[in-house]
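Asker: Sharing a structure below in structure tokens format, with a few things to ask.
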Amino acid sequence: MSGLLIHSMAEFAPLIRPCLERAGTRDIVEIGAEFGGMSAELADHCAAAGGMLTSVDPAPKPEFIAWAAADPAVRHIARPSLDALPDLPAADAWVVDGDHNYYTVYNELLGIDAACRRADKPLLAFLHDISWPCARRDFYYAPDRIPAEHRHPHSFDVGVTLAHGKPMLHRGMRGMGHFAWALHEGGPRNGVLTAVEDFIAGADSEERPLIFAHIPAVFGLGVLFDGSAEWAEDVAGQLLPYHQNELIAKLELNRLENYLAVIDWQDSHAATAPAG
């Protein structure tokens, strides 16, 4: 079923790599490893620029670990992002595609911003999953890593749909035990886009204005960067045609509706199929 729905951040490589080039990036930190996907794209960029990709993921696939060990332009840190961030080296760009919930993303952005300030580098961050379904609803790979007071009621047994605000038991888009959804959508401190917006509200200033582009495809790409950087105008020009593009958003909605219809058909068929 996963082959029916493109989902990798690597789909954005034709947009991300020109931004990295325009910003003159050499060293990149990636949160959330993807073997054969975005990680490879970033490693290629870093190698060509004479830099290093630092990939932070506590439990990537074995294939990724072997690949990273064999590539001199890649360093793997097997720690949760919030544990690793205070010790990470300075980077020219940050690519965030880890656990898709408010607490994690908001605190990742705080840590990234602190690292940029320590190194006197302008902020440039690419964040995946800022659109539906994670924009306003927390998603947990490892809910035990989220402090109880910041963790929404959740379940590994429910799925989400566009048509229903409430999750449905064993229906809709779901993780089959691999991840959990928050049981409600919206409200304070819920979802990836909410985390980004709250970070911007606290970090934006006249001295360091923050620019945010939202590309509404493949679960949503957010690009957050320092508007005072010397390369900011070039990067903004690269992103502007895609920012909140209505046609792209309509195509994304259509593909999600079609995918959810296939899941619903499959679930209905399974429910009525004779046993044995």
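Just so you know, my numbering puts -3 at position 11 of the sequence shown, and the rest follows in order with no gaps.
Backbone N, C-alpha and C fix where the C-beta goes; we use that ideal spot for every residue, glycine too.
For Arg8, name the three-state secondary structure that DSSP assigns.
Answerer: Helix.
Asker: How many angstroms separate the CA atom of Met(-13) from the CA atom of Ala105?
Answerer: Its pLDDT being 49, under 50, Met(-13) is placed unreliably in this model, and the coordinates cannot settle the point.
Asker: Less than 6 Å between C-beta atoms, sequence neighbours within five positions excluded: which residues of the same chain meet that for Leu246?
Answerer: Answer for Leu246: Thr147, listed in chain order.
Asker: According to DSSP, is Phe21 part of a helix, a strand, or is it coil?
Answerer: Looking at Phe21 - three-state DSSP - the assignment turns out to be coil, as it is neither helix nor strand.
Asker: Could you say which of Pro119, Ala128, Glu94 and Pro129 lies nearest to Phe112 if we only look at CA atoms?
Answerer: Minimum Cα distance to Phe112 is reached at Glu94.
Asker: What residue does the beta strand (DSSP E) around Ala64 start on, and which one ends it?
Answerer: Careful: Ala64 lies outside any beta strand (DSSP E) and carries neither H nor E.
Asker: So, is Asp78 buried or exposed, given that buried needs 16 or more other C-beta atoms within 10 angstroms?
Answerer: Its Cβ being crowded by 16 or more others within 10 Å, Asp78 is buried.
Asker: Which residue marks the beginning of the alpha helix (DSSP H) containing His255, and which one marks its end?
Answerer: Its alpha helix (DSSP H) spans residues Glu232 to Thr258.
Asker: Which partner residues of His200 appear in the DSSP bridge assignment?
Answerer: According to DSSP, His200 bridges with Gly208.
Asker: How many Å lie between Leu(-10) and Glu192 at the Cα?
Answerer: Distance between the alpha carbons of Leu(-10) and Glu192 is about 45 Å.
Asker: Can you round the beta-carbon distance between Asn176 and Asp124 to whole angstroms, since I take them to be within the 8 Å contact cut?
Answerer: Indeed, because the Cβ distance is near 6 Å, the residues count as touching under 8 Å.
Asker: Return the residue from the list Gly163, Pro72 and Pro58 that minimises the CA-CA distance to Arg103.
Answerer: Per the Cα distances, Pro72.
Asker: How do the segment 219 to 232 and the segment 133 to 143 stand: do at least 3 beta-carbon pairs fall below 8 Å, yes or no?
Answerer: No, because fewer than three Cβ pairs between the segment 219 to 232 and the segment 133 to 143 fall closer than 8 Å, the two stretches do not touch.
Asker: What did DSSP end up calling Met(-5) once you bin it into helix, strand or coil?
Answerer: Helix, per DSSP.
Asker: Quick one: grab the DSSP three-state call for Leu148.
Answerer: Leu148: coil per DSSP, three-state reduction.
Asker: Nearest by alpha-carbon distance to Thr40: which of Lys47, Ala55 and Glu49 is it?
Answerer: It is Ala55 whose Cα lies nearest to the Cα of Thr40.
Asker: For Ser42, I'd like the list of residues in its chain whose CB is within less than 6 Å of its CB, leaving aside the five on either flank, ordered along the chain.
Answerer: Per the sequence shown, the amino acid found at residue 42 is Val instead of Ser. Closer than 6 Å at the Cβ level, and outside the excluded window around Val42, lie Ile17, Ile63, Ser67 and Ala70.
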